[in-house]
Amino acid sequence: MENGETPENALPDPTADLHWGAYHGAIQNVFAENVSKFPYRLCVLETASKTTPQRQFTYQQIHEASNVVAHHFLQRGIERGEVVMIYAYRGVDLVISIFAVLKAGATFSVIDPSYPPDRQIVYLDVARPAGLIVIEKASREEGRPSDQVRGWIQKNLELRAEVPGLELLDDGSVKGGSLSRDDRDILQEQQSLKSQHPGVVVGPDSSPTLSFTSGSEGRPKGVRGRHFSLTHYYPWMAEAFGLSSNDKFTMLSGIAHDPIQRDVFTPLFLGARLLVPAKEDIVHERLAEWMQTYKATVTHLTPAMGQILVGGASAEFPCLRNAFFVGDQLIKRDCRLLQALAPNCRIINMFGTTETQRAVSYYALPPRSEDSKILDRMSDVIPAGRGMKNVQLLVVDRVSLEQGKPRLCGVAEQGEIFVRAGGLAEGYLGSDELSNQKFIPNFFLENPNIWQEDEQRSLDSVGQQEAWRKFWKGPRDRLYRSGDLGRYTESGDVECTGRADNQVKIRGFRIELGEIDTYISQHPLIRENVTLVRRDKDEEPTLVSYVVPDMKEWTSWLEKKGQPDNSEDDTMVGMLKRFRLLREDVRAVLRTNLQSYAVPTVVIPLRRLPLTPNYKVDKNVLPYPDAAELATAASAGRAARTHWTDIQKTVGKIWASRIGVPVEAIDLDDRFIDSGGHSLRAQEVLFDIKQRTKINISMNTLFQNSTLREFSSVIAAALEARKDGYSTPPKMDYALDGEVLARSLPSAFPTGSARPEKVLITGATGFLGASILEHILHQHDEIRVVALIRAKSSSEALVRVKTACTAYSTWSDTWESRVECITGDLSKEKLGLSPDVWSMLENSIDVIIHNGARVHWIHTYTALKPTNVLSTLACLALCSKGKPKHLTFISSTAVLDTDHYASLDTPILEIDTLAGSRKGLSTGYAQSKYVSETLIREAGSRGLRGSIVRPGYITGNLSTGIGPTDDFLLRMLKGSIQLFCRPDLGSNTINLVPVDYCVDIVVASSLYPPLQGVEVVHVTPSPQLGFNAFLETLQKYGYDTPMVPYAEWRSALEQYVSNEIQEQREPHALLPLFDWVTADLPSDTKSRSLDNTNAQAVLRVLKKDCQAEVTQETVGAYLAFMVEIGFIIRPEGANKKIELPEICIGEEQRAALKMVGRGASS
């Protein structure tokens, strides 16, 4: 495309010519040309403040004043590229200072007087300036540079030029202040040169700016800008957004923030007017009135400044035509508020960093007056869009980057954003190593010298060179590595999805803070918000959300609820008390959109978010309440505790201590998980209760009786009855529910025997599902696969499939044409599919492999029913219409976990009707699988053909050992390593099934179903490995884990868990299963003997040797895999009998394993 632009709906070509030599000249020279065209045009308008009247200055006055100061610097020996620091104030004096430095050929940098002296000194130390300008108004309003700063300058710098009190007088003349005893103005000698433009030649690579951005260890980095960028984008922007000399621009950016450059340079490049507000006008409500009064037409804002503009405002400013946002995430809520006050305003969201020098991408939203519904069609976060003229946003796959083979991401595939442009900054001052890490030669080019060769040919044909070429290094095709994550949309725009360093991990779960903030921003009572990870009193990472209430909406909301708003106390406790209902409502809303582990533990209301001088949220100063403040606040609105029983008080103290909140913060009707609890904390609570009361309570009981009142009642009943292993009665008759659901099944199912051509798979991104998918694609070329994935788009779903296959097995890009990804949700009606997609499946699918489920050993049947049971009903509904279909359902041997089957001495037959599990299944997961089997067997009696596959413990790949680590057996291995011993479990065996063998049976059952009805297929090894032999593998491979009696091992585990917090040990691997493994593991791990006649029959159809046995050598491969990914330590035992096998995991697979995370969900 011409000018390096990307066509609509296309991804950028990272090898396209971006016209590296398209230099529009230095901004100071463009400004001087404008002065010659319209010297008396109004240039800068300083609006009135409480202490100063309105002042206005022409282009010629600005030009002449800056000439005077520039000549002063030149005569004092300031050389091209040296830094001049400006002690600044928002106003016309800053404009003059900037242009004076540029006209002298030097580099300007700005210090905000509001910064503390220590930070000012850091800036000076990084910049090492040769010159200094102190703006007189900054000294009057903010105070002169402190003695500490002055002392440091005198000791560490050798300034060749200083203007100690720069001030533009009302008549346009400029004063510089005095450094001499006779009060002689320092600029007096240069006043006669005011009409002479210095004309210092600079080029595209000359450095006009030194801007600061955050750095490691709190030391800012100085970013050296280039002249190329200061003018490059303005002609294109003028054309794209209708900017002209008739516009009135605002100066609202932080004075030491690089966007101030755009505030100043854009209007002066175009010959337009710059409006400067008084400091007292940049506040809520007043800023909107200022915009209305002075009829601003163009503004540059950070989202935080945008919130100041619209917060609490009622004044409309219809003259505003363009609002450019940069610096942070822009959300739809703020756009609505702005366009409500400025209906003719186009909103342009931009992406850029200090290192890109300018905001370099754009996504434009038309004015509300042109399209009042545009925001209704937008997602909550406004995209970054696409690159401006001669700019590309390249979203690069991070795995391929680590492998040294960079690849551009496809649509919806998340990667890291690189900016490709001719206008990138030069680099970091004094840090070549860091510059080389962030500013990278274009790795997509086969010939890195292609643009230099083209430029030389062009110069040879012209035969003459401009003067500025002395200060140009020639074409440099560079990329800036932003550290931001993003993805391409189908329109070719880029959506920012977060920071590579903003994905936090809490308790092993990967959490995106931006996602939390997006949902909070949608709350109608919230005006501003930000979420952070803070450390609580126990140094535990805790999610904390800070919110600014919309007071008008809050008052209205309280009135509707009949609640008083009875506090004006702005202290931490006062705000927590006053907005208790709001805090509870925010968390309630988040619980409907996020997993429980991603719901912030603490929501803190503030009057306003603190901002840095650059108008970004100052996260470093956000307050965090101490325990006493939380306790006092929590007591507000809580019932008195005098009526609490002794058991409630005891349990409340245990509960509060383990989740790290004051007991006063807990109410009888609070739910454990909503108060900050999770499965690890639950085990600790149960352990404390067992220590205190000698009562065994299951984790299931805690989550089924989730409020303090309910849970205390269970314990009180258990204490009264003194029943060991007390368990609560089931909440519902799951078997009866299955029978009721079966009545809704179709009366008949169509039958057919055609060779399958198209297979629907659910749960294709889990361990087993991805392995099934890979097997079909690899060994059955004639079959196409439809994968039902929970994702925002089909392209994102495909990315998830590729990642899962890469993590657990393999992926070939040649398979992509045979995989169709559809987005849905197992818990929703008709799997969350649109009518068209549902109809397509009815009429095209031959086989359904229903593998997807929610695997959770704590949640109740009621909680799991939508995903695990109703999805089965939906699959059966698909089978009943259209093309005849076979169904393969992946069940679990958990449906056999009842006393009835445990007491059998003979193998459990595949033809067994599960009558022995109609009662007695203790987990919601097992109950949901039982009900699904009931439905499918009933459908089989009505004509459905298919299989119910019941695997045992599915373990890793036989050859590579790769598998999910969130597994009881692998946790047993790691847990025994942590305890330096392993339990004696007698003659128990394990129904251990390698994933390879399980997949063979699933695929064979799906492609070769029974001739009629539904059959059960047991997946079990022969022979089964003994549990003691399984654990003995640790000793053989060098782990010091002698076998001890179970009671001794259990005691060691209890001691470890009891002391792990005090001794700061790694949490024990078996903590999530603590109550089970410390109950009666020898009895609870007795494996059922299973008949596998049907399994052997389907395998004979494959006519190949399918290995089922897991040996100690196989377990060695599992250990080697766990070592390779860092899940366990490498053995150091001197008495090892065997070396661990070598397991090779490539970087791409390693990265994919990190992305799939815990590996057990589908």
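Just so you know, we're using my numbering here: the sequence shown kicks off at 92 and counts up by one. Built from N, CA and C at the ideal position, the CB exists for glycine as well. Since we're looking at a predicted model, the values are computed, not measured.
- Membership of Asp-575 in the beta strand (DSSP E) is indicated by the continuous run 569-579.
- Non-local beta-carbon contacts of Met-328 in its own chain, meaning distances under 7 angstroms to residues more than five positions away in sequence, involve Leu-334 in chain order.
- Under DSSP, Arg-511 shares a beta bridge with Gln-483 and Leu-570.
- Thr-979 and Ser-1097 do touch by the CB rule: their CB atoms are close to 4 angstroms apart, below 8 angstroms.
- Relative to the Cα of Cys-1235, the nearest Cα in the group Phe-1212, Ile-1219 and Gly-501 belongs to Phe-1212.
- Per DSSP, Tyr-214 is one residue of the alpha helix (DSSP H) stretching across 208-218.
- With a contact defined as Cβ atoms closer than 8 angstroms, Pro-350 and Thr-198 miss out at about 18 angstroms.
- By the beta-carbon neighbour count (other beta carbons within 10 angstroms, threshold 16), Asp-354 is buried.
- For Ala-406, the closest alpha carbon among the candidates Cys-426, Glu-1230, Gln-430 and Leu-421 is that of Gln-430.
- As far as DSSP is concerned, Lys-370 takes part in no beta bridge.
- Linking Tyr-150 to Ile-187 through their CA atoms gives a straight-line distance of about 11 angstroms.
- The bridge partners DSSP lists for Thr-633 are Arg-625.
- The beta carbon of Leu-366 sits closer than 6 angstroms to those of Leu-136, Lys-339, Thr-341, Tyr-385 and Ala-387, all from its chain and outside the five residues before and after it, given in chain order.
- Taking C-beta separations shorter than 7 angstroms and ignoring five residues to either side along the sequence, the partners of Trp-929 in its chain run Lys-921, following chain order.
- Nearest Cα to Pro-1074 within the set Glu-1106, Leu-1102, Thr-322 and Asn-1119: Asn-1119.
- Comparing alpha carbon positions, the residue from His-1159, Pro-998, Ala-221 and Glu-606 closest to Ser-470 is Glu-606.
- Straight-line spacing of the CA atoms in Ala-455 and Lys-1245 works out to 36 angstroms.
- Judged by pairs of C-beta atoms under 8 angstroms, the stretch 1025-1032 does not touch the stretch 1122-1140, as fewer than three such pairs exist.
- Around the CB of Thr-997, fewer than 16 other CB atoms lie within 10 Å, so the residue is classed as exposed.
- Ala-845 carries a coil assignment under DSSP once its states are collapsed to helix, strand and coil.
- Thr-1080 carries a strand assignment under DSSP once its states are collapsed to helix, strand and coil.
- Taking the CA atoms as reference points, Glu-371 sits about 17 angstroms from Ala-179.
- Short of 7 angstroms from the beta carbon of Gly-1077, and not among the five residues preceding or following it, lie these beta carbons of its own chain, in chain order: Pro-1173.
- A distance below 7 angstroms between beta-carbons, with the five flanking residues on each side excluded, links Trp-906 to the following residues of its chain, in chain order: Leu-868.
- Bounds of the beta strand (DSSP E) holding Glu-137 are 133-137.
- Exposed is the label assigned to Arg-427, since fewer than 16 other Cβ atoms lie within 10 Å of its Cβ.
- A check of alpha carbon separations from Ser-269 across Leu-485, Ile-169, Ala-252 and Val-694 identifies Ala-252 as the nearest.
- Burial state of Arg-424 is buried, judged by a 10 Å Cβ sphere holding 16 or more other Cβ atoms.
- If you compare the alpha carbons of Leu-257, Leu-359 and Ser-1142 with that of Asn-125, the shortest gap goes to Leu-359.
- At the C-beta level, Met-382 and Tyr-706 stay beyond 8 angstroms of one another.
- By the beta-carbon neighbour count (other beta carbons within 10 angstroms, threshold 16), Phe-356 is buried.
- Under DSSP, Gly-478 forms a beta bridge with Ser-452.
- Short of 8 angstroms from the beta carbon of Glu-227, and not among the five residues preceding or following it, lie these beta carbons of its own chain, in chain order: Asp-184, Gly-256, Leu-257, Glu-258, Lys-266 and Gly-268.
- Taking the Cα of Asp-1091 as reference, the smallest distance to any Cα among Asn-1082, Asn-1048 and Gln-1240 is reached at Asn-1048.
- Taken in chain order, the whole alpha helix (DSSP H) runs of length 4 or more contained in the stretch 403-452 are 423-432.
- For a cut-off of 8 angstroms, the C-beta gap from Gln-152 to Gly-263 is around 3 angstroms, short enough to register as a contact.
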